[in-house]
Structures are given as structure tokens and as C-alpha cells.
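Heads up: the sequence shown runs through residues 1 to 104, numbered per the UniProt record's numbering.
Glycine residues also receive a C-beta, built at the ideal position from the N, C-alpha and C atoms.
A short write-up of the structure that comes next.
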Amino acid sequence: MIWSYDIAKDGFTLSSKKALVTADDNGGLDSFREDVDGNLWSWGSSGAAGPNGVKIFNKDGKAIGLIKLPERCPNLVFGGKKNRLYMASSHLVYAIYVETRGAV
1 MIWSYDIAKD GFTLSSKKAL VTADDNGGLD SFREDVDGNL WSWGSSGAAG PNGVKIFNKD
61 GKAIGLIKLP ERCPNLVFGG KKNRLYMASS HLVYAIYVET RGAV
């Protein structure tokens, strides 16, 4: 489950806890990154019956995309000057161009 909170102006105090994404609907989730538009990118696995890949969720927690991959890639990061997303498995690194950049 991915939780969402409001952050106070002090930058530390959290309130208004709510479930943003539930793993039950989206399989296992790991390795989160946010893009400059506020979308959440996460490694996801739907188990034996579903695809492995990077799942993209909007600010409301709605699934808006999936990058299918042939194996588990539990590490991902945005990088480079040309909007690349890197996804690392235990022995390979995949890279694709995406139409956004990672948030700082």
C-alpha cells in the first residue's frame, strides 16, 4: 500500500493520512520515483499471472501506464539529459526515453 499525507509548512509534520494506491489492485510495488508532473513511478509485479514492469500512477493514485519488462527490475531511476528511465535487474540495466523528467 502507498500512503499519502499532507505535509505542514515546517516540512516535518504529517496529517490527513490516506491510502493512495493499494497493492491488492496492483500487485507488489517497490522502488518509487516521482516525475516533475507529480506522477508516481514504481516497480510492480502482478505475480505469475500478470506482467512485470514499471507502473505509473497519477496524483490521485489512478494507474495511468505500464512499461512491461521480461524480468524483475526492482530498481529504477530517472537520469540523463534526454528524459531517460533506467531500470535495473539482477544482471541487466534497461533504459528507455520517457516524456517527462524525474523530480528533484
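Of the choices 6, 11, 33, 16, whose alpha-carbon is the least far from that of residue 76?
For the purposes of this step, residue 76 is identified with residue 76 of the sequence shown, where counting begins at 1. Of the listed residues, the one whose Cα sits closest to residue 76 is 33.
Could you check where the beta strand (DSSP E) with residue 75 kicks off and where it finishes?
As a working mapping, residue 75 is identified with position 75 in the sequence shown. Note, residue 75: beta strand (DSSP E), 75-79.
With three or more beta-carbon pairs closer than 8 Å as the criterion, would you say the stretch 66-82 touches the stretch 28-43?
yes
Please go through the same chain and pick out, in chain order, the residues whose beta-carbon is closer than 7 Å to the beta-carbon of residue 5, but skip the five residues on each side of it.
For the purposes of this step, residue 5 is taken as residue 5 along the sequence shown, with counting starting at 1. Within the same chain, residue 5 has close Cβ partners 14, 15, 16, 17.
If I measure Cβ to Cβ from residue 58 and keep anything under 7 Å in the same chain, skipping five residues before and after, which residues do I get?
Taking the sequence shown and counting its residues from 1, one reaches residue 58 at position 58. The answer, listed in chain order, is 39, 64.
Give the C-beta separation of residue 56 and residue 41 to the nearest angstrom, bearing in mind that I take them to be a contact with Cβ-Cβ under 8 Å.
Along the sequence shown, read from residue 1 onward, the residue named residue 56 stands at position 56. Along the sequence shown, read from residue 1 onward, the residue named residue 41 stands at position 41. About 5 Å; that satisfies the 8 Å criterion.
For the beta strand (DSSP E) containing residue 93, name the first residue and the last one.
Position 93 of the sequence shown, counted from the first residue, corresponds to residue 93. Run containing residue 93: 93-97, per the beta strand (DSSP E) assignment.
Use the C-beta contact count for residue 54: other C-beta atoms within 10 angstroms, 16 or more gives buried, fewer gives exposed.
The count along the sequence shown starts at 1 and reaches residue 54 at position 54. Buried, by the Cβ-count rule.
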